[in-house]
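**Student:** Mind having a look at this structure? Questions to follow.
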Amino acid sequence: MSKAKRVQPQEIHAAPYPAGKVLDAQLHLLDRQVLDVDGVPVTTVDDIELSGPEPNEKIPKGAPAPQITALLTGPVLGTRIFGGRPPSSRLIRIPWKSVAGVDTVVTLGVRADSLDASWVERWLRTHVIARIPGGSHEPE
Amino acid sequence: MKRLLGVALGILTAIGGFVDIGDLVTNAVVGSRFGMSLAWVVLVGVVGICLFANMSGRVAAVSGRATFEVIRERLGPRAGLANLGASFLINVMTVTAEIGGIALALQLASGVSYMLWVPFALLAVWLVVWRVKFSIMENVTGLVGLSLVVFAVALFLLKPDWGALAGQAFALSVPAQEGAGVYWYYAIALFGAAMTPYEVFFFSSGAVEEGWKIKDLLQSRINVLLGFPLGGFLSIAIAGCAAVVLLPAGISVTSLSQVALPVAQAGGQLALAVLILGVVAATFGAALETTLSSGYTLAQFFGWSWGKFRRPAQAARFHVSMIVVLLAGVAVLATGVDPILVTEYSVVFSAIALPLTYLPILVVANDPQYMGKHVNGRAVNIAGVIYLFIILVASLAAIPLMIATGAGA
Chain A
39 MSKAKRVQPQ EIHAAPYPAG KVLDAQLHLL DRQVLDVDGV PVTTVDDIEL SGPEPNEKIP
99 KGAPAPQITA LLTGPVLGTR IFGGRPPSSR LIRIPWKSVA GVDTVVTLGV RADSLDASWV
159 ERWLRTHVIA RIPGGSHEPE
Chain B
52 MKRLLGVALG ILTAIGGFVD IGDLVTNAVV GSRFGMSLAW VVLVGVVGIC LFANMSGRVA
112 AVSGRATFEV IRERLGPRAG LANLGASFLI NVMTVTAEIG GIALALQLAS GVSYMLWVPF
172 ALLAVWLVVW RVKFSIMENV TGLVGLSLVV FAVALFLLKP DWGALAGQAF ALSVPAQEGA
232 GVYWYYAIAL FGAAMTPYEV FFFSSGAVEE GWKIKDLLQS RINVLLGFPL GGFLSIAIAG
292 CAAVVLLPAG ISVTSLSQVA LPVAQAGGQL ALAVLILGVV AATFGAALET TLSSGYTLAQ
352 FFGWSWGKFR RPAQAARFHV SMIVVLLAGV AVLATGVDPI LVTEYSVVFS AIALPLTYLP
412 ILVVANDPQY MGKHVNGRAV NIAGVIYLFI ILVASLAAIP LMIATGAGA
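Protein sequences, first through last, are from chains A and B. Per the numbering used here, the very first residue in the first sequence carries number 39; after that it's consecutive. Per the numbering used here, the very first residue in the second sequence carries number 52; after that it's consecutive.
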């Protein structure tokens with residue numbers, strides 16, 4: 039039995055020192071509730087979209103680190119559970135630039151109604167709920 | 052004074068809200084077959100529901116997160132979806148059973164077949180869900196449901212041999228005429244009826260609906276710790292009535308009128324009228340709670356906007372899903388299936404789904420990011436772990452026992 043040969047790396051780079059709050063995408067972003075600027079629930083973070091290299095693509099030295107470009111929702115939840123990947127055109131994106139804060143919930147700086155992510159809610163509101171008497175009144 | 056009134060109201064509501072069709076039927080069945088020998092299960096169940104309802108209420112008050120948001124976040128989408136599927140199915144079953152219960156109680160009062168009452172019950176439940184404010188809904192059904200105290204009064208009027216009843220309760224053994232498998236099957240059913248998961252979904256979402264803050268925690272604790280045990284006492288009284296009247300006569304409970312029989316025998320027409328009022332209020336209240344719970348679980352899993360504090364238009368998906376659930380429940384009843392049978396199965400299936408509901412609550416109640424300094428104390432954690440073990444055993448044993456005993460036949 040031969041001893042496995044140990045490969046010594048030539049140079050070890052320390053991970054870049056994080057400037058600010060460290061978020062674990064799995065722990066602090068995925069499956070968290072998303073609230074809009076008024077505190078109205080929008081969706082849950084079903085997945086996130088990153089910029090940067092495709093899988094198996096070679097990463098050139100000194101390339102910028104990937105960044106979160108959007109929170110995803112919609113059919114991507116199904117593929118996250120059952121496997122596969124929806125076509126990019128079917129993803130519903132909430133651009134990362136609308137995110138205002140990340141705590142036990144993800145808060146947005148925009149209104150829910152201005153987002154694609156709320157289209158089902160808006161469709162049901164105008165086509166079903168608004169047609170039933172009392173649908174737009176406060177409960178008494 | 053106002054605060055004292057609030058506490059009193061909360062306790063009374065908790066008592067009236069504890070008993071639903073599942074507790075009514077299961078306790079009467081158990082009392083008529085096993086006497087008081089399963090009363091200990093109600094005690095174990097009540098302590099468990101107090102423990103976890105209190106915990107989920109605290110999580111909701113401190114973090115503002117209702118139970119199913121927490122479940123999705125902690126279990127991830129896959130296990131969360133499995134949990135949602137199970138909880139939702141049980142919720143729909145329970146909605147079906149409760150609407151059937153309202154209709155059966157109205158049949159008992161009027162003599163008109165329950166099938167004709169089902170559409171009215173559906174409409175009434177939906178109107179309340181659609182239009183009535185949360186606090187009013189809670190208080191009215193809870194207070195009227197208190198008339199189920201008539202079971203306790205009836206038990207006294209029946210002048211039972213208290214020593215014999217206590218003897219059955221403390222003997223902790225399987226009655227001679229029944230098998231051990233059936234005994235444990237009904238133990239699980241009773242446990243499931245006392246600890247139904249919808250109660251926790253409803254309780255924590257209700258805390259968000261009513262905007263509880265940390266300062267309200269004391270009141271919620273009093274409500275739970277006094278209200279639920281007194282509700283459990285009502286459950287035992289139901290079993291006691293059945294044990295005194297139905298067991299010696301060899302009557303097995305297959306309909307609501309048999310549940311009511313001991314009360315009618317003890318207190319006559321007046322007691323029966325009070326009983327029917329109580330049953331209608333209790334099942335109506337529970338129908339509201341389960342309908343809302345199915346909306347809550349769906350909305351919280353998918354992150355939709357929910358709540359009765361919003362206008363229906365501001366929580367469109369939440370309200371549409373509840374309409375669908377109610378229609379589904381009525382569609383099941385329209386097949387002519389016996390609501391009592393649906394109830395008996397729903398409590399056992401509740402017991403099966405219990406671990407999935409209670410584990411994430413225990414985990415999050417220990418997470419300082421959510422709870423700050425209000426994380427669980429050591430004693431609560433020890434009790435929580437012991438209960439998770441009991442729940443797990445009950446859940447694993449339920450299906451084998453159901454098959455082995457032919458669902459308790």
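Built from N, CA and C at the ideal position, the CB exists for glycine as well.
#1: In terms of alpha-carbon separation, which member of 178(B), 154(B), 336(B) and 401(B) lies closest to residue 446(B)?
#2: Closest Cβ-Cβ distance between residue 167(A) and chain B: below 7 Å?
#3: For residue 219(B), which residues of its own chain have a beta-carbon under 6 Å away from its beta-carbon, when the five flanking residues on both sides are left out?
#4: Based on DSSP bridge pairs, tell me the residues matched to residue 108(A).
#5: Once you ignore the five residues that flank residue 326(B) on each side, which residues in its own chain have a CB closer than 6 Å to its CB?
#6: What in chain B is Cβ-close to residue 175(A), meaning under 7 Å?
#7: Does any CB atom of chain B fall closer than 7 Å to the CB of residue 79(A)?
#8: Just verifying my parser: in three-state terms, what is the DSSP assignment at residue 228(B)?
#9: So what's residue 139(A) in DSSP terms, helix, strand or just coil?
#10: Let me confirm a value: residue 164(A) is counted as buried when at least 16 other C-beta atoms fall within 10 Å, else exposed. Which label applies?
#11: Locate the beta strand (DSSP E) running through residue 80(A), then write down its first and last residues.
#12: Would you mind reading off the limits of the beta strand (DSSP E) that contains residue 71(A)?
#13: Taking only beta-carbon positions, decide if residue 390(B) is within less than 7 Å of chain A.
#14: Using alpha carbons as the reference points, say which of 146(A), 129(A) and 127(A) lies closest to residue 136(A).
#15: Go through its chain and collect everything with a Cβ distance to residue 416(B)'s Cβ below 6 Å, but skip five positions before and after it.
#16: Check whether the Cβ atoms of residue 352(B) and residue 135(B) sit closer than 7 Å, and answer yes or no.
#17: Are the Cβ atoms of residue 85(A) and residue 61(A) separated by less than 7 Å?
#18: Consider the Cβ of residue 425(B): report whether some Cβ of chain D lies at a distance smaller than 7 Å.
#19: Give me the chain B residues within the contact set of residue 110(A), using Cβ-Cβ distance strictly less than 8 Å, ordered along the chain.
#20: Which chain A residues sit within Cβ distance under 7 Å of residue 181(B)?
#21: I'd like to know whether the C-beta of residue 319(B) is nearer than 7 Å to at least one C-beta of chain A.
#22: Less than 7 Å between C-beta atoms, sequence neighbours within five positions excluded: which residues of the same chain meet that for residue 270(B)?
#23: Could you check whether the Cβ of residue 119(A) sits closer than 7 Å to any Cβ belonging to chain B?
#24: Roughly how many angstroms separate the alpha carbons of residue 39(A) and residue 49(A), rounded to a whole number?
#25: Distance cutoff 7 Å, beta carbons only. Does residue 451(B) sit that close to anything in chain A?
#26: With 9 Å as the C-beta to C-beta threshold (strictly closer), list the residues of the segment 129 to 157 of chain B near chain A in chain order.
#27: Bridge partners of residue 146(A), per DSSP?
#28: Hey, residue 238(B) and residue 92(B): beta-carbon distance below 7 Å or not?
#29: Can you tell me whether residue 58(B) is helix, strand or coil according to DSSP?
#30: Which two residues bound the contiguous alpha helix (DSSP H) that contains residue 288(B)?
#31: Considering only residues of the same chain and omitting the five flanking positions on each side of residue 288(B), which have a CB-CB separation below 6 Å?
#32: On the criterion of 16 or more Cβ atoms from any shown chain inside 10 Å, does residue 382(B) qualify as buried, or is it exposed?
#33: Could you tell me whether any Cβ in chain A is nearer than 7 Å to the Cβ of residue 255(B)?
#34: What is the residue span of the alpha helix (DSSP H) that residue 153(A) lies within?
#35: List the residues of chain A whose Cβ lies closer than 9 Å to the Cβ of residue 359(B), in chain order.
**Tutor:** Concretely, from the data shown:
#1: 401(B)
#2: yes
#3: 86, 87 and 88
#4: 87(A) and 133(A)
#5: 201, 311 and 314
#6: 362
#7: yes
#8: coil
#9: strand
#10: exposed
#11: 79 to 82
#12: 71 to 73
#13: no
#14: 146(A)
#15: 106, 110 and 427
#16: yes
#17: no
#18: Checking the listed chains, one finds no chain D in this structure; the protein chains it contains are A and B.
#19: Result: empty, since nearest Cβ-Cβ is about 12 Å, beyond 8 Å.
#20: 172
#21: no
#22: 57, 58 and 61
#23: yes
#24: In this predicted model, residue 39(A) has a pLDDT of only 47, less than 50, meaning its place in the structure is not dependable; the value taken from the coordinates is given anyway. The straight-line gap from Cα to Cα measures roughly 30 Å.
#25: no
#26: 129, 131 and 132
#27: 137(A)
#28: yes
#29: helix
#30: 268 to 300
#31: 202, 203 and 206
#32: exposed
#33: no
#34: No alpha helix (DSSP H) holds residue 153(A); DSSP gives it neither H nor E.
#35: 177
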